Each structure stands twice: as structure tokens, then as C-alpha cells.
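Report on one structure; see the data block that follows.
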Amino acid sequence: MEMFTTIGLNHFLTISAILFSLGMFAVMTRKNAIVILMGVELILNAANINFLTFSKYNGGMAGVMFSMFVIVLAAAEAAVALAIVINIFKTFKTVDVSRVDTMKE
Amino acid sequence: MNQLTLAIIFYVFAALTVLSAAFVVFSKNIIYSAFSLLFTFFGVAALYVFLSADFIAVTQVVVYVGGILVLLLFGVMFTNTIMQAELKTDVLHVVPGTLLLILMIAGMLYTFYTTGDWMPGEAQLQGSVVQRIGFETMSHFMLPFEMASIVLLVALLGAAFLARFDKAHKNEH
Amino acid sequence: MLSLIVFLPIIAGLIILAVPASQKQIIRIVSLLAAIAQGVIAVLIWRHYDPTMAGIIASPGGSPVGSFQLIERIPWISLNLGSFGPMTIEYFIGVDGISITMVLLTALISIIGVLSSWTIQKQVKGYFILFNLLSTAMMGCFVALDFFLFYVFWEIMLLPMYFLIGIWGGPNREYAAIKFFLYTLFGSVFMLLVMIGLYFSVVDPVTGHHTFSLVAMASQENYLKGAILGPDSTMWRTIAFIVLFIGFAIKVPMFPFHTWLPDAHVEAPTPISVILAGVLLKLGTYGMMRINFPLFPEVYHAGLYVIGVFGAINIIYGAFCALAQQDLKKMVAYSSISHMGYVLLGLAAANSEGMLGALYQMFNHGTITAMLFLLVGVIYDRAHTRAIDKFGGLASYMPVYAGLVTVAWFASLGLPGLSGFISEAFVFVGAFTSTTTRPIAMVSVLGIVFGAAYLLWSLQRMFLGKRRPDAAYDLEKDAEGHEHIHFHDWNGKLDLDARELTMLVPLAVIVIALGIYPMPIMGMLTASINKLVTVLAPVAISAVN
Amino acid sequence: MMHSLIQLSIVVLLLPLLSFVVLIFFNRRLPRMGDFVGVGMLGTAFAISAYIFWTVIVQHYDPAYRIAWNFTWLDLGNVPGVGPLQVKMGIVIDNLTAIMLAMVTLISLLVHLYSTGYMAGDKNYGRFFAYLGIFTFSMLGIVLSDTLLSIYIFWELVGLSSYLLIGFYFEKDSAADAQKKAFLTNRVGDIGMWLGILILYSQFHTFGYQEIFQNIAAGKFNLSNGWLTAAGILLFFGCVGKSAQFPLHIWLPDAMEGPTPVSALIHAATMVAAGVYFVGRIFVILTPDALHYIAFIGAATAFMSATIAITQHDIKRVLAYSTVSQLGYMVMGLGVGAYSAALFHLLTHAFFKACLFLGSGAIIHAMHHEQDMRWMGGLRKNMPWTFATFSIATLALAGLPLTSGFMSKDAILAAALGFANVEGGGVFYLIPVLGFASALMTAFYMGRQVWLVFFGESRTHLKPAEAHHDEHGHDDAHGHDDHGHDDHGAHHGVHEVGWIMRAPLVVLATLSVFIVFSPDPLDGAKGWFMHLVPTPSTVVKSAEAPKTAALAATGGILLAEASNDAEHATVSATPAAAPEHGAAAEAHGPVFSDPRQAELAHAAHANHFTAIYLSSGMVAFGIGLALVVYAFGAIDPEKTAQAIRPLYLYSFNKWYWDEIYDATVIRGSMLIARALAWFDTNIVDGIVNGVATTFRKFAFLNAGFDKYVVDGAVNFTAFFVQTSGAVMRKIQTGKVQTYLVMVMVAVLGYFAVYLVQLMK
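Protein chains in written order, with our numbering: chain E, 112 to 216; chain F, 38 to 210; chain D, 6 to 550; chain Y, 2 to 761.
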């Protein structure tokens with residue numbers, strides 16, 4: 112019972128793991144490029160949770176700083192990725208990544 | 038606030054986060070996914086607060102909800118005819134994806150719960166760390182901070198370049 | 006001189022190789038010029054030929070090349086085989102009376118063949134290159150005096166013929182081409198074995214080495230005792246004679262090896278039929294006279310009756326088969342079989358008259374059959390059919406054509422005054438004079454009647470009477486009530502045009518001229534024939550053994 | 002030097018050839034299609050021939066007159082076993098040649114003239130004269146030939162010209178059939194002749210008559226006597242074909258499909274007589290057995306065709322069978338040894354038969370190509386000239402005294418009687434009996450013909466309508482203008498033919514009178530012909546004759562022709578009969594050393610008057626019978642025909658020979674031909690293809706091993722690489738997510754390994 116009432120490291124890690132897996136699942140299975148991006152955001156969030164969790168329970172500031180940089184990079188990534196998606200849409204008239212397979216031939 | 042109240046609040050936000058994330062992933066409608074993502078981000082921000090990172094939580098809300106999510110929504114609207122009855126996304130690799138999903142969660146949880154000795158437990162962060170962030174940024178993490186700013190600048194320029202109108206199209210006007 | 010006449014066509018072929026394929030007219034003219042040059046040289050050789058020199062065999066104690074003329078002899082391939090001694094293959098060519106007539110015939114038929122090829126439209130370049138190669142090979146066969154060289158030319162000849170039938174032929178051309186090729190190859194494989202056997206059995210009296218020289222081989226004293234084909238090896242000599250004979254008989258073609266001929270003729274384009282019947286068939290009997298008989302005279306003598314019987318079968322069987330044909334070209338092809346039977350019968354007579362008739366028949370059959378096939382080609386060009394029953398009454402509408410057909414047909418049935426008669430007459434004279442073949446000759450004369458029967462019958466069905474209801478042409482009346490005929494898909498001249506006349510009239514003139522006075526050709530032959538008969542006589546053979 | 006007569010004869014020979022060459026190439030470019038060329042050339046040829054005739058016959062008047070010239074045509078060199086050998090051609094002029102030369106050129110000239118009228122308007126008018134030219138050339142070649150080879154050559158050339166002329170109206174199928182039939186039938190005969198020539202050549206290596214005769218006389222014929230008989234019979238076979246003797250007579254009646262002048266020239270007067278002429282040339286080498294054979298063939302032919310001629314309706318067909326019958330007489334005459342008489346009959350027959358044919362041509366021409374005698378009648382008044390000449394010729398043919406035919410026919414019949422006596426009766430009496438029976442029938446059918454054509458009333462209107470129609474088509478085929486047949490009931494349109502056609506008739510009728518040939522109307526032997534063309538002595542040794550006598554006999558006729566000098570012509574005046582017996586020769590003809598020949602000559606002479614009485618009686622009876630039947634109507638021919646219907650049909654259908662040949666020879670040949678062609682395609686070629694198939698099957702077997710075992714190993718490697726590549730290729734979808742899945746699988750794999758390591 113104590114395991115559930117006392118919130119500890121493992122709780123956060125569990126949420127992070129679930130978020131990561133869900134993000135991974137979205138990236139793997141969704142055809143829509145934007146949903147894939149959402150998955151990527153989930154993964155990044157899961158990572159951030161991990162950073163902050165270990166930072167809190169270790170007492171170091173590195174995790175906090177890194178999570179800040181991750182957010183910055185996530186913003187940059189989102190901008191660039193969306194620009195690319197829009198270009199893909201312009202070129203292929205779709206954002207279905209399974210149809211964007213010209214390299215196969 | 039006693040321990041239990043905190044635990045209950047944690048579980049509420051944890052549930053919010055996980056369930057909304059699951060909805061993001063499993064919903065077939067992109068718009069629903071996008072709005073569900075909003076709740077995920079809020080939930081995560083709440084979890085950050087539990088982790089003594091209130092500044093990060095605020096940043097999370099500002100950047101993700103105010104920036105990235107809006108960006109994603111614009112993306113959705115640019116790439117789909119909004120008047121279309123259903124903005125669906127098809128799936129592929131459902132079976133291997135689901136299997137991997139379960140295996141990953143199971144594997145990671147197994148690892149976490151069997152590895153008990155990576156918590157020192159002595160020097161925990163307590164209270165707000167905004168001041169320390171400021172010190173750290175200007176001292177230890179000076180270079181990464183500057184680099185992050187450059188990366189942001191370059192990314193913004195690049196994104197703007199990529200997403201702009203066709204050059205040739207423009208020249209005609 | 007002789008090398009020039011042999012290799013001129015190949016030179017022309019090389020020139021054509023350099024001409025772009027689209028320049029069809031240039032290709033044709035180059036070929037024609039080569040053929041005409043060949044003809045001119047052939048006539049020059051003929052004029053300078055000394056008909057008193059016999060050839061055939063090395064004169065005892067005299068020159069090792071015998072009384073051949075225009076000799077060219079250089080070592081071609083020399084190998085030192087260690088214990089076998091040196092092996093020499095010579096480039097050894099020359100002419101005697103037998104080959105000079107064939108050289109003339111080949112040159113003549115080549116010119117006709119090129120002219121007749123003018124209408125070929127498909128892959129002109131390839132066609133003429135092959136044609137020239139064929140021309141060289143034929144000429145080479147007739148002048149080669151080295152067995153190996155002869156064999157090389159003989160095999161070279163097969164290849165272009167195969168392609169010329171197989172590519173430019175009729176609907177069933179592949180079958181005909183492969184049949185021709187396999188048949189002839191079958192014959193020549195054995196020839197190769199016999200050739201090697203002969204090489205190890207014969208010694209050149211001058212050098213003392215083994216030799217492929219046909220002149221040396223024709224003298225029985227040059228054979229080694231104890232060798233595989235030496236004078237005492239009766240069994241092997243008999244076998245060698247028989248397989249060699251079959252090899253040549255396929256080319257003749259002799260019953261029962263004749264079935265490639267009708268197929269090949271029916272499928273081959275007109276110029277190739279002309280070459281095939283005009284020259285190639287003669288190679289079979291030429292080979293017998295040049296190689297088969299002089300090298301194995303005693304077996305030849307033992308087999309006279311059999312050869313004669315096969316000749317008679319050819320004559321009568323060919324005539325009967327021709328009588329039953331509906332396809333004009335097939336009829337002419339069977340008539341060739343019948344006429345080559347006369348050659349065999351003449352060879353079986355083993356006397357001067359018969360041999361002379363046989364050789365003269367070879368020449369005449371060349372010219373007459375060329376005419377026949379050209380005339381068949383003329384009507385096939387116009388009507389796109391060769392069915393004898395699809396005509397009728399043509400004589401009224403195409404008088405010049407009908408006239409030339411009459412000349413050719415009557416020449417073929419052996420009408421006196423035309424060249425075919427003299428050769429047939431001499432064959433019969435010879436065959437009847439020889440007691441061996443006398444009964445055969447008595448039966449063979451039936452061929453005269455049946456020959457006339459199928460030719461006259463086809464003449465009647467095609468040219469006489471009125472247009473048949475299902476004829477291959479339309480009958481039209483003009484405003485003045487004169488009847489004209491019109492062939493579908495034919496816009497050229499109805500009667501013979503200038504090119505066709507250029508081919509046919511000289512042949513007709515030759516046929517008539519040689520029918521009235523045959524000495525220009527016969528005079529070339531007599532010395533060689535008499536010599537050949539002497540060499541083959543049983544007396545001469547027993548004297549050696 | 003060449004004798005001038007030889008030179009002239011060469012000119013005569015070549016003139017018609019020149020006419021042929023000019024006309025065949027240029028007839029459409031010449032005015033009048035060049036008929037004047039033909040007529041002019043023939044006129045010149047006849048003039049020269051007449052000069053030769055004058056010189057030889059009138060000036061020399063010598064039974065043994067003979068000049069010859071030969072040249073080397075082919076030189077075969079020094080033939081092993083024979084020595085130097087040449088094939089020679091030559092020309093011989095003796096009395097017979099001179100007479101034949103004049104006869105052929107005269108009739109040819111007359112026919113040329115006649116044709117300018119008869120053939121006028123034909124679209125191939127010029128070509129007709131060209132063909133007449135080559136025919137005349139070939140016929141003169143036969144007459145002048147001095148070797149067996151050259152006579153054979155011209156023999157076949159006559160066959161060719163006959164072929165061309167019979168098929169002159171080649172658009173008609175019947176004409177095309179007839180020309181082919183004629184040529185092929187002749188070829189059958191020619192085979193025999195050629196074999197005969199071959200027998201003689203194989204012994205002597207020469208074709209020359211004189212050399213062969215000398216060699217036989219010298220006993221150099223090394224084969225048995227049977228071979229010599231065979232040679233004679235085989236040579237006679239040429240005559241059987243050309244002179245239309247039984248059993249090869251079938252072509253001649255069909256040959257009437259040719260234009261009528263051609264029938265007169267070729268198929269009555271000259272070409273068909275060539276067979277008789279040729280047998281005359283080789284008469285001396287015929288053995289008694291061969292002569293018997295010839296006599297029987299001749300008698301059978303004469304009788305058979307006479308019976309057929311009785312029932313025919315076509316005016317030309319009656320004449321054609323009569324020609325066959327008369328040729329049978331001549332052959333029979335030769336067979337019984339009456340050489341002179343037979344050749345005499347040849348000459349007289351040529352004139353009167355040509356006259357008859359030209360006369361019938363005139364009638365046909367005037368009747369607008371009506372040939373059926375049943376629809377004629379009463380032409381006497383319309384065509385007096387034709388009637389007169391036709392009648393004279395008819396009397397000559399029937400053999401009534403005062404005509405030429407009487408003399409020659411009587412001589413043959415007398416010889417036949419004598420022959421039967423000499424041979425000892427029995428079956429040999431059949432020959433004179435058949436001869437006299439034929440004489441009777443000849444008189445009957447000729448009387449019938451003259452009466453039907455010239456007497457009585459016109460019967461044109463009796464002609465059935467459909468028959469009319471047929472005749473219309475007939476006319477069209479002839480290419481003549483169609484005058485129509487509106488002259489029913491009377492011969493309004495029938496007029497006497499023009500002078501150019503009338504003149505030849507008159508000339509020929511004149512030549513059918515006895516006085517031309519002999520002063521004594523009852524005995525031809527007293528005439529110049531039988532004096533100048535005496536029966537030569539045989540060179541064949543009779544069994545009973547002593548050898549020396551036979552050799553001596555040959556001395557006279559066989560001239561010193563041993564010289565092979567090509568340019569040297571020998572003229573010899575050695576008489577055929579020994580001149581010392583001149584008086585006897587005058588009375589009894591030549592004196593023979595061969596006892597059989599002498600006996601025959603004597604018997605013929607002895608039976609001379611018997612024959613005259615008998616044959617005159619027969620002729621009178623025959624003509625009388627014809628008058629009784631057709632003039633007085635005492636016997637109804639229709640009813641008689643009904644009464645003896647099988648016989649009538651047998652005769653009317655020409656003894657069914659055409660049908661028999663069609664059923665046996667022609668069908669048989671075609672059957673064999675088809676069978677052999679089938680055999681060739683299916684059996685011979687089938688074996689070839691079968692062998693090929695077998696080899697191919699074996700090759701497939703071999704190839705199977707090669708393909709599946711040897712090549713299989715190689716191919717498997719390639720197959721493996723290819724298949725695995727194909728599987729791998731499936732993974733490379735080009736979709737990033739697929740790769741991600743794999744990466745994750747791999748990561749989880751490592752993770753699992755890590756966990757397992759961790760748990761240890």
C-alpha cells in the first residue's frame with residue numbers, strides 16, 4: 112500500500128515509459144505525418160519527464176537544464192518538421208507517408 | 038497537504054496524461070488527437086510541478102501549448118480540407134506496433150521495478166529552482182544556451198524558408 | 006586469274022559491308038558489277054583454254070600438276086606433326102575440261118541470279134553479302150584441286166544457302182532451310198572422314214609426303230600399300246566409295262535422298278532457286294566425276310549397274326511426281342530431279358558418249374532450269390500463286406511470256422534444236438552402248454514421254470484454252486471489245502519487262518545456240534572426258550593392281 | 002567442192018526457216034502480216050526444187066543417181082575403245098529426195114497460197130505463216146537427211162510444228178487437247194524409233210545410213226538377228242507414231258482441230274507420209290520378220306480406219322480416217338516388199354489427198370464453218386470448180402482407172418497378193434483380203450461423201466437449233482467474222498471460193514491424173530517413178546541366201562561412202578540393179594540377188610492383172626453401193642444402222658480406242674503419278690522426317706539431362722540468389738515506419754539480451 116501512496120521515482124518513470132511507448136506506437140503505425148509528429152512530441156515529453164525525475168531525486172541541476180534545452184529543440188523541430196510536411200503535401204498532395212515512397216523504385 | 042492528497046492529485050494528473058496520450062495515439066480523427074494532445078501537455082506540465090520544476094512546467098505550457106500545439110493545428114488545417122467530414126488517419130503495422138508497445142512498456146517497467154538501488158534519496162531538490170536555473174544558465178550551461186538560441190534562430194529561418202510560397206510562383210506576381 | 010574469279014564476289018561483299026544498308030541500289034550495282042566481271046573473266050578463261058589438254062590426272066612421269074591449266078599452287082597450312090611427318094594443305098586450284106564448263110555456268114548463273122535478285126526488298130545488304138559469299142564458294146568448289154580446299158568451299162557454301170532460304174524464303178522456309186542444311190551436312194561429315202582416310206593413304210610422288218592433292222589422289226600408283234584406303238583394302242575402299250557417293254548423291258539429289266529439293270525450291274526466293282538448281286545440283290555430279298570415281302575406279306566399275314538404276318529411278322520417278330504436282334515450282338523441282346537422273350545414267354554408262362552427255366546435260370540443265378525458275382518467278386510475282394490450275398489462256402494476253410515459256414518448256418522436254426536434246430541423246434547413246442546399262446537405258450527412254458507429258462500438260466493448263474473461272478487474274482474488256490487481263494496487286498508491265506527480258510533472252514539464245522551447234526562447250530569437254538574414261542577403264546585399274 | 006545441187010538444196014532447206022524467223026518476230030510490223038514473205042520464200046524454194054527435180058529426174062533419168070555431202074557436226078575426239086569419233090550430219094540427193102523435195106515445196110506453196118484466202122482476217126494470220134514455214138523447214142530436213150540422228154531431229158521438229166499448228170486455235174480446249182495428244186502420241190512412237198537408232202549406233206558408232214548399211218552388209222552386226230529385227234520394228238515405231246498407224250493412230254483425226262490448210266499440208270500430204278518415207282529409207286535393213294510385222298500393222302490400220310470412216314459425219318474426219326487408211330496401204334506395201342509401189346502411193350496420195358482437204362476447206366469456208374455432211378448437199382451447182390476437182394481427187398482416192406491412185410494402189414495390192422502366195426498362204430492371205438476390203442470401203446465412203454456434199458438438195462435447214470448454237474461458238478473461237486445463219490433453206494450465202502483458193506485445187510487435181518506418172522493407165526510400173534525409185538536390195542542376209550550373194554547384192558546400192566571427208570561429196574552413177582540385166586530390169590523391175598526379194602517381185606508382177614480386176618471390181622461395187630444407198634435411196638442408211646446398231650456404234654465411236662487409252666494408259670499414268678507423289682511426300686519424305694524426329698526426340702532426352710542435371714546446378718545458384726533477393730526486396734518498402742518497426746524489434750532484441758544478462 113505504501114508503494115501506491117508514497118509517490119516516488121518509479122511512478123514518474125512508469126508514466127514516462129507509457130508516454131514513450133505510446134509515442135513510439137504513433138510514430139510506427141500512423142500514416143498521417145502530423146500524427147507522427149504528435150508521437151514525436153510525446154516521446155520528447157516522456158524524455159523530459161525522465162530528465163526531471165532523475166534530476167529531482169539526484170539533486171543535480173543538469174536534468175532541469177537539459178529538459179529546458181529539449182523544449183527549445185522540440186520547438187525548433189516542430190517548426191522545421193511542419194514546414195517539411197507542408198512541402199510534402201505540396202509535392203504529393205497528401206501527407207500519407209506510406210505513399211511517399213519514391214525512393215523505393 | 039498530506040501524503041495521500043498529494044498521491045491522489047498525482048494519480049489524477051498521471052491518469053489525465055496517460056489517457057489523453059493514449060487518445061492522441063489511438064484516435065482516428067486528427068483534430069481530436071491534436072486537442073487531446075493539449076491535455077497531455079497540461080498533464081505533463083503538472084507532473085513537472087510535482088518534480089519541483091515549476092519553471093519548466095510553465096515553459097512547457099507556454100512553448101508546447103502556445104507554440105507547438107498551435108503549429109500542429111495549423112499543420113493539420115493546411116494539409117487537410119477542414120470541411121471534410123472526417124479527418125482520418127490510416128494505420129499500418131498495427132499488430133507489430135501493438136506488440137512492440139506492450140513489450141516496451143512491460144520491459145521498461147520490469148527493469149524499473151527490478152532495479153531498486155539507483156535512488157540515492159539524500160539530496161533531493163526541494164521547492165522552486167528558478168534561481169538556480171538562472172545561475173546555471175549563465176555559468177555552466179552558457180555555451181549550450183547560446184547554441185540553443187542559434188539553433189532556434191536557424192530553425193525558424195529554415196522553417197520559414199521551407200514553408201514559404203514557391204519562388205517561381207512568387208516571381209510571376 | 007582463277008583466284009580473281011573465285012574471290013571477286015567476296016571482295017564485292019566486303020565493299021557492300023562498307024555501304025550503308027539504305028543504299029540498296031549501290032549494293033545491287035556492286036554485286037552486279039562483280040558478277041559481270043566474273044563473267045568476263047570466265048569468258049576470257051574459256052577463250053584461252055586449250056581444249057587439247059586433258060587434265061584429270063597427273064601425266065605419268067611428267068608434271069605433278071598434270072595437264073591442268075591456270076594452276077595456282079601455294080602452301081596454305083603447314084604443320085609439323087612430329088611422328089606423322091609434315092602435314093601440308095595447299096591452296097591448289099586449276100581447271101580442266103570438266104571444271105571450265107562449270108566455271109562458265111557458275112559465272113553465267115551468278116549474273117542471272119543478281120539480276121533476278123533486284124526485286125528482293127528485305128534486308129538487301131545482308132542478302133547480297135550472303136549471295137556473294139555463296140558465289141565465291143560455288144566457284145571455289147569447281148576450281149579446287151586440293152581435297153581439303155574443296156571441302157572448305159563445300160562447307161562454306163552451306164551457310165549462306167541456309168540463311169538465304171531461311172530468311173528470304175516462303176512461309177515454310179525454316180523447315181526447308183534446316184532440311185537442306187542437315188541433309189547436306191550429313192553427306193559432308195562422311196566426306197570429311199573419307200578425306201582424312203585418303204590423306205593417310207596417298208603420297209605425293211614428288212615430295213614423298215602425304216597430300217590432299219586430288220591430282221595425286223587420282224593416280225592409283227600413289228596409294229600406299231597397306232594403308233586404310235590403299236589398293237589392297239577392298240572393304241574400306243568400297244565403304245569409302247559408298248559414303249562419298251551418298252554425300253554427293255544428296256546434292257544431286259538422287260532418289261531416295263531427294264526430298265529436300267522440292268521443299269527448298271518451293272520455299273526459296275526465285276534467284277536462290279535459280280542458283281540452287283542451276284549450279285548447286287551440279288556440284289553433286291561434279292564431285293562424283295572429280296573425286297568419287299577417279300579415286301575409287303574399281304568400286305565405281307563394280308557399281309555401274311546400281312548407279313544406272315538409281316539414275317533411271319530418278320528419271321522416271323521424278324517425271325511421275327512432276328506429273329502429279331499442282332504447284333508449278335514443285336513441278337519444275339521434280340523435273341530437276343528427273344533431269345539430274347540423266348546425268349547419273351550418263352555417268353553409269355562409263356563411256357565417252359555417256360560421260361559427255363552427262364556433263365553437257367549438267368551445263369544445259371543449268372541454263373534451262375534457270376529459265377524455268379525465272380519464268381515461274383515471273384508469274385508468281387504477278388499472280389502471287391503458282392497453282393497450275395489457277396490460270397488458263399495466258400498465251401493470248403502475255404504472248405512474249407508464253408513464247409519464252411514455250412522455248413524453255415520444250416528445251417526441258419528435250420526438243421531437238423534446243424540444247425537439252427543433245428545431252429539427253431548422248432546420255433542415251435552412251436547408256437545404250439554400254440552393255441551394263443543397256444536394259445536401264447531401254448526403260449529410261451520412257452522418261453522422254455513422261456517428261457513431255459507433264460510439261461505439255463502444264464503448258465496447256467496455264468497458257469492454252471480460255472481463262473479458268475477461278476483464275477488468279479481478272480478479265481476486262483476495253484471500249485473496243487478487246488480483252489485484257491489484270492493481276493491483283495500488280496502494277497508493273499503485264500508482259501515481261503525489260504529486266505526480265507534481260508535475264509531470259511540471253512538464256513534462251515544460249516539454249517538455242519547450243520542446241521544447234523554444241524561444240525563451243527562440248528569441244529572443251531572431249532579431251533578431259535576421253536581421259537577420264539581411260540582412267541576409269543577396268544584395264545587401267547587392273548594394270549595398277 | 003560442194004555439189005551445186007547440194008548447195009541449192011541447202012538454200013531450199015533454209016528458206017522456210019528464214020520465213021519462220023522473220024514472221025515469228027516481225028509479223029505484226031509487216032504489211033499484210035507478212036504473208037508475202039512466206040509465199041515468196043516458198044515460191045523461191047519451189048522454183049529451186051523444181052530445178053533440182055528437172056536436173057535429177059529429167060536430165061539424168063538414172064535409177065542410181067545419188068549425191069551426198071556431210072560435215073562433222075560434233076567431234077568427240079579420240080574416244081577410248083573406238084578411236085577418233087565424229088558425229089556427222091549430211092544431205093543426200095537421190096531420185097526419191099528430188100521427187101519429195103519438189104512435192105513438199107509444191108504442196109507447201111499451194112497451201113501458202115490457199116491460206117492467204119482461207120485464213121484471211123484471222124488475228125494470228127502472220128503467226129500461221131510462220132508456223133507453216135517451220136513445218137516446211139522440218140519436213141524438208143527429213144527429206145534431205147542422210148543420218149539417223151538428223152532425221153530424228155527433224156522428226157521431232159515436225160512434231161513440234163504439228164503441235165503448234167494443231168493448236169493454232171489454242172483458245173479452244175479441244176484444240177489444246179488435240180495438240181497435246183498429237184505430240185505425246187508421236188513421242189511414244191519416237192521412243193521406239195530412238196531405241197532403234199540406239200541399237201544401230203551401239204554396234205557401229207555412227208548414225209549415217211550408208212555406213213550402217215555397209216556395216217550390216219559386211220556382217221558386222223554383232224548382236225543376234227533378233228536384235229536386228231527389233232531394231233527394224235523399233236525404227237518402224239517412229240513411222241507408227243508419225244504416220245498414225247495402229248495402235249498410235251488416235252491423234253490424227255483429232256488433229257483436224259487445226260485449220261484446214263494445215264490438215265491438207267501436214268496431216269494428209271507430207272508429214273504423215275514422212276513415216277512411210279523413213280521406213281523406205283531404212284527398208285534395206287528390215288529383216289523378213291520385221292517386214293511381216295509391218296505388213297500386218299499396215300493392213301490392220303487400213304482396214305480399221307476404213308470401217309471407221311464409213312460412219313463419220315464430219316467431212317474432215319472422213320478424210321482423216323481415209324488418210325490413216327491410205328497410210329496403212331503404204332505401210333502394208335512396204336511390208337510386203339513393194340517399196341516402189343508404196344512410195345509411189347505416197348506421192349500420188351499426197352496430191353489427191355491435199356486436193357481433197359483443200360476442197361473440203363473450200364466447202365467449209367463457203368459454208369461458214371459448217372463441217373457436218375448431214376447439213377450439206379446440193380453444192381454441185383454453187384461450187385462447180387470445187388465439185389470438179391473434188392470429184393477427180395475422190396476417184397483417185399477410190400482407185401478408179403485413169404487416175405494416179407489406181408496405179409499406185411493397184412501395185413500395192415498386187416504385191417500383197419504376191420506376198421501372200423510367196424509366204425505360203427494361211428494367215429498371210431489376211432493382208433490382201435484386208436487390203437481389198439479397205440479398197441471397197443474406201444470407194445463406198447468416198448461415194449457417200451461426194452453424194453452427201455454435192456448432190457441432192459440443201460439440208461442446211463434440217464440442222465437442229467442447238468447444234469447451230471454450238472457452231473456459233475465454234476465460229477467465235479475461230480476468230481472469224483460471224484456471218485450468221487440466216488440462210489435457212491437454201492445456200493444463198495454459198496459461193497464458189499476465190500481464184501487464189503481455186504488455183505491450188507486445179508493444180509492438185511491435175512496432178513491426180515494418170516498421165517503425169519505413167520503413159521499406161523493400167524500399169525504404174527511403166528511410169529517414170531517406179532523406174533527411178535526401184536526397190537533396193539536388202540542388206541540383211543536371208544537365212545537361205547548364200548553369204549556371197551548377199552554381199553554381192555549390197556555392192557550395187559551401197560555406194561563408196563567410206564570417205565569421212567566432211568567437205569567431199571560423192572557422186573556415183575552406179576546403178577542399183579546390175580546394169581547388165583538392163584532389159585530384164587525394164588520388164589520386171591530390178592533384179593535382186595536376194596532370192597526372197599526376187600521371188601516377191603516376181604509374184605507381184607504375176608499378180609498384176611488379178612489385182613487390177615479384183616480392185617476395179619471392188620471399187621465399182623463400192624461406188625455402186627454408195628449410189629444405191631444415197632442416190633437412189635434403195636437402202637435406208639438409218640434403218641441399216643439401226644439393224645446393225647452394235648457394229649454401227651463400234652465404228653462410229655472409232656472402235657473405242659480413245660476410251661480404251663483413256664482408261665488404261667492415261668488414267669494408269671495419272672494413277673501411278675499420284676501414287677508416286679503420295680509415296681514421295683508421305684513415305685520417302687516421311688522416313689526423312691521420321692529420322693529427323695527420332696534424332697530430335699533423342700536430342701530432347703539428351704538435352705533433358707543436360708538441362709536438369711548439369712545446367713540445374715548452375716541454375717540453382719542463380720535461382721537461390723534471385724529468390725532470396727526477391728524476399729529481401731519485400732522488406733524494402735520505402736516506408737520509414739517499416740524500418741522503424743525493425744529498428745525497434747532490434748532494439749527490443751538487444752534489450753531482451755541485456756535483460757537476460759542482467760538476470761544472470
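Think of the CB as a built atom: it goes at the ideal place given N, C-alpha and C, for glycine as much as any other residue.
These numbers come from a predicted model, not from an experiment.
| Asked | Found |
| --- | --- |
| Classify Leu84/D as helix, strand or coil using the three-state DSSP reduction. | strand |
| Using the DSSP secondary-structure output, state which residues sit across from Leu480/D in a beta bridge. | Ile490/D |
| Around the C-beta of Val146/E, are 16 or more other C-beta atoms found within 10 angstroms, so that it is buried, or is it exposed? | buried |
| Alpha carbons only, please: which of Phe54/Y, Ala602/Y, Met384/Y and Ile198/Y is nearest the one belonging to Leu236/Y? | Ile198/Y |
| Have a look at Leu224/Y and Ala446/D and give me their C-alpha separation to the nearest angstrom. | 17 Å |
| Nearest-angstrom Cα distance between Met384/Y and Val498/Y? | 8 Å |
| Please list the terminal residues of the continuous alpha helix (DSSP H) segment that includes Tyr305/D. | Pro302 to Ala307 |
| Give a yes or no on whether the C-beta atoms belonging to Met194/Y and Phe238/Y are separated by under 8 Å. | yes |
| Helix or strand or just coil, what does DSSP make of Val208/E? | helix |
| Can the beta-carbon of Ile413/Y be found closer than 8 Å to that of Tyr330/Y? | yes |
| Would you mind working out which of Pro210/D, Phe260/D, Val284/D and Thr531/D sits nearest Leu361/D, comparing C-alpha positions? | Thr531/D |
| Determine, using beta carbons only, whether Leu702/Y comes closer than 8 Å to chain E. | no |
| Starting from Glu95/D, follow the beta strand (DSSP E) in both directions and report where the run begins and ends. | Pro91 to Val100 |
| Say whether the region 293-312 of chain D touches the region 242-250 of chain D, bearing in mind that this needs 3 or more beta-carbon pairs closer than 8 Å, one atom from each stretch. | yes |
| What is the residue span of the beta strand (DSSP E) that Met90/Y lies within? | Gly84 to Asp95 |
| Taking C-beta pairs closer than 9 Å, name the residues in chain D that Glu172/Y reaches, listed in chain order. | Gly398, Ala400, Ser401, Leu469, Gly470 and Lys471 |
| Flag Phe721/Y as yes if its beta-carbon sits less than 8 Å from any beta-carbon of chain F, otherwise no. | no |
| Quick one: which residues of the region 720-741 of chain Y get their C-beta closer than 8 Å to a C-beta of chain E? List them in chain order. | Gln733, Thr734, Gly735, Lys736, Val737, Gln738 and Leu741 |
| What residues in the region 233-262 of chain D have a beta carbon less than 9 Å from any beta carbon of chain Y? | Phe260, Pro261 and Phe262 |
| Under 8 Å between the Cβ atoms of Ala303/Y and Ser439/Y? | yes |
| Counting only beta-carbon separations shorter than 8 Å, does Arg210/E have a partner in chain F? | no |
| Please confirm whether Glu639/Y and Leu420/D have their CB atoms less than 8 Å apart. | no |
| What distance in whole Å lies between the Cβ atoms of Ala137/E and Leu153/E, which are believed to be in contact at a cut-off of 8 Å? | 7 Å |
| For a test of the three-state rule: what should DSSP assign to Asn608/Y, helix, strand or coil? | coil |
| Please confirm whether any heavy atom of the ligand SAM lies closer than 7 Å to the CB of Val208/D. | Here there are no bound small molecules, and the ligand SAM is not part of this structure. |
| Between which two residues does the beta strand (DSSP E) holding Arg188/Y run? | Premise fails: Arg188/Y lies in the alpha helix (DSSP H), Asp174 to Phe205, not in any beta strand (DSSP E). |
| Tell me whether the beta-carbon of Val319/Y lies closer than 8 Å to the beta-carbon of Leu380/Y. | no |
| From the beta carbon of Leu43/F, is the nearest beta carbon of chain E less than 8 Å away? | yes |
| Starting from the C-beta of Val38/Y, find all residues in its chain whose C-beta is less than 8 Å away, skip the five residues before and the five after it, and write them out in chain order. | Ser20, Val23, Leu24, Leu31 and Phe130 |
| What residues from chain Y crowd round Val138/E, counting only those whose CB sits closer than 8 Å? | Gln738 and Leu741 |
| Expressed to the nearest angstrom, what Euclidean distance is found between the alpha-carbon atoms of Lys89/Y and Leu75/Y? | 7 Å |
| Give a yes or no on whether 8 Å exceeds the smallest Cβ distance from Ile283/Y to chain D. | no |
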